[in-house]
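Inspection log for the structure reproduced underneath, given as structure tokens.
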Amino acid sequence: MLNDLVNRCSPLPSDATLCILGAGFSGGHLAKLSKALGTRVISTRRRPKAGSDDLPFDSTNGMVPSQDVLASVTHLISTIPPTKEGTDPVLSCLGEQLQKLPLQWVGYFSTTGVYGNSNGNWVDETNEPQPTQLRSQKRLDCEQLWRNSGLPVQILRLPGIYGPGRSPLAAVHSGEVTPIDQPGQMFCRIHVDDLAGACWHLMHRAAAGQRPTVVNISDNRPASRLELQRFAAELLGCKLPAPIPFSEAQTTMSPMALSFWADNRKVSNALLRDELGYTFLHPDYSSGLKDCFEAEGFNGMNPEPEAKP
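Add 638 to the 1-based position in the sequence shown for the numbering used here, that's all there is to it.
What follows is the structure in structure tokens.
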């Protein structure tokens, strides 16, 4: 939970200003951490909610923060995905402005999808990217644009992000999940608390002289979706329907859904954990789902007798 994260993080220097371009689920969580620590933060959204202090940033309509607003930014994170054409909207719209800022650290949210398919074997930052999906290739192209920008950038490669409000608990509880069994198929993930905590840790490590160009931000335990769903059902006190073999389930999957099953890899976090010294709040899905269980209000509820078949 955010309080646990705040208690283990130190604020940035008093003259620091963090800018988060794209304050959605993960970016918004990082903004909350920054505010709780007393570090000045500027955040943007394509369509800011009424009453929020987020600034509009919509590259398609030319709505971008002004130079005056960004003038004091020392740390910046971009969570904004590539355009349909595969270009980076931040660099296209703000590239010249960013060059004029007193930036000490820049983080770009990419994806572990750039590693492609390793047939279930481990990959780390030394593996040559071999993306199999077009969306991952676009991310890799944008990684290169950021590397070529001359800015003090770290490429942060992320797996699936989960947390309170974005966990399998609600679907399992309501019986709206269809378990699929594909033996040996692994997925990696990161709890939103650890994503924010790792970003904060990397800012401090960069200031101390440790700044590897690429860092995987993934927890310690790759696992199948079925394993995760079974643990969720255990927490909720209900039973999952019998899993469907992937060979059967794939016949009714959309191309997008199938693409998420096309790659099979385990992503190593050894650089972040062992060399850079980050300690995870939620080192695996069991800790992370227990946090979601409490935060989503399932703790204390009467368990469902059984999930719908």
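Where a beta carbon is used, it is the ideal one built from N, C-alpha and C, also for glycine. Keep in mind the model is a prediction, meaning the values are calculated, not measured.
* If I'm right that L965 touches Q820 with Cβ under 8 Å, what's the distance once you round it to whole angstroms? => Only positions 639 to 947 of the chain appear in this structure, which leaves residue 965 out of reach.
* Which partner residues does C657 have in the DSSP bridge list? -> In the DSSP output, where bridge partners are listed per residue, C657 has I680, L714.
* Pairwise C-alpha distance: P719 and R777 -> So the two alpha carbons sit approximately 7 Å from each other.
* Own chain residues within Cβ distance below 6 Å of D653, not counting five before or after -> Taken in chain order, the list of residues that qualify is empty.
* Terminal residues of the continuous alpha helix (DSSP H) containing H811? -> Membership of H811 in the alpha helix (DSSP H) is indicated by the continuous run 807 to 812.
* By Cβ distance below 6 Å, which residues in the same chain neighbour E734 in space, the five residues on each side in sequence not counted? -> No residues qualify anywhere along the chain.
* Asked: For the beta strand (DSSP E) that contains R827, what are its first and last residues?
  -> For R827, the enclosing beta strand (DSSP E) begins and ends at 827 to 829.
* **Inter-stretch contact at 8 Å, needing at least 3 Cβ pairs: the segment 731 to 746 / the segment 762 to 776** => These segments do not touch.
* Asked: Which residues does DSSP pair with Q792 in a beta bridge?
  -> According to DSSP, Q792 bridges with G745.
* Using the C-alpha atoms, what's the distance from M639 back to V707? -> Answer to the nearest angstrom: the Cα atoms are 31 Å apart.
* Go through its chain and collect everything with a Cβ distance to W760's Cβ below 6 Å, but skip five positions before and after it. => K904, S906, listed in sequence order.
* To do: Assign N645 to buried or exposed, taking buried as 16 or more other Cβ atoms, counted over all protein chains shown, within 10 Å of its Cβ.
  => Per the 10 Å Cβ criterion, exposed.
* Given that a residue counts as buried once 16 or more other Cβ atoms are within 10 Å of its Cβ, and exposed if not, what is P694? -> Exposed, because fewer than 16 other Cβ atoms sit within 10 Å of the Cβ of P694.
* Asked: Given P686, which residues of its chain have a CB within under 6 Å of its CB, disregarding the five upstream and five downstream residues?
  -> Scanning its chain for C-beta atoms nearer than 6 Å, with the 5 sequence neighbours on each side dropped, one finds around P686 the residues D692, P694, in chain order.
* With burial defined as no fewer than 16 other Cβ atoms inside 10 Å of the residue's Cβ, what is the status of M894: buried or exposed? -> Here M894 is exposed: its Cβ has fewer than 16 other Cβ atoms, across all protein chains shown, within 10 Å.
* Quick one, which of L783, S697, G835, S856 has its alpha-carbon nearest C826's? -> Looking at the Cα atoms, S856 is the closest of the given residues.
* **Backbone CA spacing between P866 and H667 [nearest angstrom]** => Just to set this straight, residue 866 is Leu in the shown sequence, not Pro. Cα to Cα, the separation comes out at about 23 Å.
* 6 Å CB neighbourhood of S748 in its chain, flanking five on each side removed -> If we look at S748 and ignore the five residues flanking it on each side, its Cβ neighbours are R777, E781, I793, R795.
* To do: Could you please give the first and the last residue of the uninterrupted alpha helix (DSSP H) stretch that includes N645?
  => Run containing N645: 640 to 645, per the alpha helix (DSSP H) assignment.
* Asked: Using the rule of at least 16 other Cβ atoms within 10 Å of the residue's Cβ for burial, across every protein chain shown, is P817 buried or exposed?
  -> Around the Cβ of P817, a 10 Å sphere holds 16 or more other Cβ atoms; the residue is buried.
* Within 10 angstroms of the Cβ of G835, are there 16 or more other Cβ atoms? Answer buried if so, exposed if not. => Classification of G835: buried, given that the 10 Å Cβ count is 16 or more.
* To do: Helix, strand or coil for L951, going by three-state DSSP, please let me know.
  => Outside the displayed range of the chain (639 to 947) lies residue 951, so it cannot be described from this structure.
* For R705, I'd like the list of residues in its chain whose CB is within less than 8 Å of its CB, leaving aside the five on either flank, ordered along the chain. => Inspection of the sequence shows that residue 705 is occupied by Gln rather than by Arg. Here the set comprises Q735, K738.
* Quick one: is T717 buried, meaning 16 or more other Cβ sit within 10 Å of its Cβ, or exposed? -> Answer is buried; the Cβ neighbour count reaches 16.
* Return the CA-CA distance between L659 and V728, expressed in angstroms with no decimal places. => The alpha-carbon atoms of L659 and V728 are separated by roughly 8 Å.
* **Residues near R690 by beta carbon distance below 8 Å, same chain, minus five either side** => Rather than Arg, the amino acid found at residue 690 in this sequence is Ser. Taking S690 as the centre and dropping the five residues before and after it, the same chain places the C-beta of R683 closer than 8 Å to its C-beta, in chain order.
* To do: Taking N955 as the reference, give the member of S774, E872, A845, L910 with the closest Cα.
  => Since the displayed the chain opens at 639 and closes at 947, residue 955 lies outside it and no answer follows.
* **From R859, S812, Y916, residue whose alpha carbon lies closest to that of H839** => When each option's Cα is compared against that of H839, the closest is Y916.
* Could you pull out every residue in the same chain whose Cβ sits closer than 6 Å to the Cβ of R678, ignoring the five residues on either side in sequence? => Taking R678 as the centre and dropping the five residues before and after it, the same chain places the C-beta of T655 closer than 6 Å to its C-beta, in chain order.
* Closer than 7 Å by C-beta to A933: which residues in its own chain qualify, once you throw out the five before and the five after it? Chain order, please. => Around A933: M639, P802.
* Can L896 and P881 be called in contact, C-beta distance under 8 Å? -> It is not a contact, given that the beta carbons lie outside the stated cut-off.
* Asked: What is the residue span of the beta strand (DSSP E) that V707 lies within?
  -> Element bounds for V707: not the beta strand (DSSP E) but the alpha helix (DSSP H), 705 to 708.
* Please say whether G751 and Q771 have beta carbons closer to each other than 8 Å? => At the C-beta level, Q771 and G751 come within 8 Å of one another.
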